[in-house]
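Per the UniProt record's numbering, the sequence shown starts with residue 1, numbered consecutively.
Ideal Cβ positions, reconstructed from N, Cα and C, are used throughout, including at glycine.
Note that this is a predicted model, so its numbers are computed, not measured.
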Amino acid sequence: MEKQLFQCVFAFLLICNASYSQIKSSGTVILDPGVMSVKFDLNQATSIVTLTLTGPSNKWFAIGFNADEMDPNTDMVSMKSSTVLGDERLVVGGHHDDPVADAVNNWTLTSNIVTGSTRTIVATRAFVAENTDYTFAYSRNSLKIIWAYAKKTTYGYDNKHHGDNYDFKLINFTTLGEENYNYSNEINIFPNPSDGIFNISKKTEVNIDTIRVFDINAKLIRTISLKNNHFTNAINLEDLTSGKYFLELSNDSEKTVKTVIIN
1 MEKQLFQCVF AFLLICNASY SQIKSSGTVI LDPGVMSVKF DLNQATSIVT LTLTGPSNKW
61 FAIGFNADEM DPNTDMVSMK SSTVLGDERL VVGGHHDDPV ADAVNNWTLT SNIVTGSTRT
121 IVATRAFVAE NTDYTFAYSR NSLKIIWAYA KKTTYGYDNK HHGDNYDFKL INFTTLGEEN
181 YNYSNEINIF PNPSDGIFNI SKKTEVNIDT IRVFDINAKL IRTISLKNNH FTNAINLEDL
241 TSGKYFLELS NDSEKTVKTV IIN
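The structure is reproduced here in structure tokens:
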């Protein structure tokens, strides 16, 4: 879990420390409530996609990219054992034939955690891999995926492998931040850490129209609209649990991200 949280924090720090670098995220998308979810983070600066995928802890689960059904040659990843994330593709022979492994596994499994009946994996891959792999493009704002998990408690495929445990989903991406050093340097947040009340101070008459609050999993918690652009504005986050959060402050043309800690 610490490694997974570090990756999320690192992604946001890239926003805060690289001028005009951007990250697009799907946020956590529920595929099957209580069973499967997925999150994609696309890093423009590094051309790396980070996949966070949850599924059953004791059977295979998988997703396929750029598809709304089990089309031949669909690129996919599957948790094919308790320790192996497979880089695979659907074969030409038919919808229910077993997928085949790519010659090279281009995914790097960085975290594999089981909590109760749920397995959470985090994996990374370059946007562009080999010709059998789907090519991720930062310019895209959406991605179709298919998903499935085993009907039985098994990591082995068979002709009735998923039963009714499958579907497709349209994933939408949101740009989390575009750092502008000049804008960032004009804004200060204090006290930080605090018990939840933060003062946002501006050195000049720059506008802050919207504040979006994200947790360390890149989940949007709250959107705050500032009606009065005073030199100092207070926001109240006392109802949130203790921990680290990210404030995305923006106007029509500028954006920056600040880290805050609630005691």
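Residue from 196, 52, 89 whose Cα sits closest to the Cα of residue 241
196
Would DSSP call residue 250 helix, strand or coil?
strand
Is the segment 50-64 close to the segment 143-154, with three or more CB pairs under 8 Å?
yes
Return yes when at least one heavy atom of the ligand FAD lies under 7 Å from the C-beta of residue 257, else no.
The ligand FAD is absent from the structure shown, which contains no ligand whatsoever.
Three-way DSSP call (helix, strand, coil) for residue 149 in this model
strand
Which residues in the same chain have their Cβ closer than 6 Å to the Cβ of residue 201, if we skip the five residues on either side of it in sequence?
Beyond the five residues adjoining it in sequence on each side, residue 201 comes within less than 6 Å, by CB distance, of 188, 232 in the same chain, given in chain order.
Please go through the same chain and pick out, in chain order, the residues whose beta-carbon is closer than 8 Å to the beta-carbon of residue 32, but skip the five residues on each side of it.
147, 149, 165, 167
Counting only runs that start and end within the segment 191-240, where is the beta strand (DSSP E) found for 3 or more residues in a row?
Taking only runs of at least 3 residues, the beta strand (DSSP E) segments lying wholly in the segment 191-240 are 197-202, 210-214, 220-225, 232-236.
Distance, residue 128 Cα to residue 175 Cα
20 Å
Looking at the unbroken beta strand (DSSP E) that takes in residue 56, where does it start and where does it end?
Bounds of the beta strand (DSSP E) holding residue 56 are 48-56.
I need the DSSP call for residue 183, collapsed to helix, strand or coil.
helix
Completely contained alpha helix (DSSP H) runs for the segment 66-154, where each covers 4 or more residues
Inside the segment 66-154, DSSP marks no whole alpha helix (DSSP H) run of 4 or more residues.
Given a cut-off of 8 Å, decide if residue 134 and residue 24 are closer than it, judged by their beta-carbon atoms.
no
DSSP on residue 309, reduced to helix/strand/coil?
The first residue shown for the chain is 1 and the last is 263, placing residue 309 beyond what the model contains.
May I ask which residues mark the beginning and end of the beta strand (DSSP E) holding residue 259?
255-262
Under a three-way DSSP split, which group does residue 165 fall into?
coil
Alpha carbon to alpha carbon, how far is residue 118 from residue 35? Give it in angstroms, no decimals.
7 Å
Specify the secondary structure class of residue 35 as computed by DSSP and reduced to three states.
coil
Are residue 208 and residue 229 closer than 8 Å when you measure CB to CB?
Contact annotation: residue 208 and residue 229 have beta-carbon atoms nearer than 8 Å.
Measure the alpha-carbon distance for residue 86 versus residue 40 and round it to whole angstroms.
17 Å
When you compare only the Cα positions, how much space is there between residue 260 and residue 237?
10 Å
Please name the residue, chosen from 190, 185, 219, that lies closest to residue 203 on a Cα-to-Cα basis.
185
By Cβ distance below 8 Å, which residues in the same chain neighbour residue 27 in space, the five residues on each side in sequence not counted?
39, 174, 218, 219, 220
Using only the alpha-carbon positions, how far apart do residue 50 and residue 235 sit?
31 Å
Assign residue 67 to one of two classes, buried (16 or more other C-beta atoms within 10 Å of its C-beta) or exposed (fewer than that).
buried
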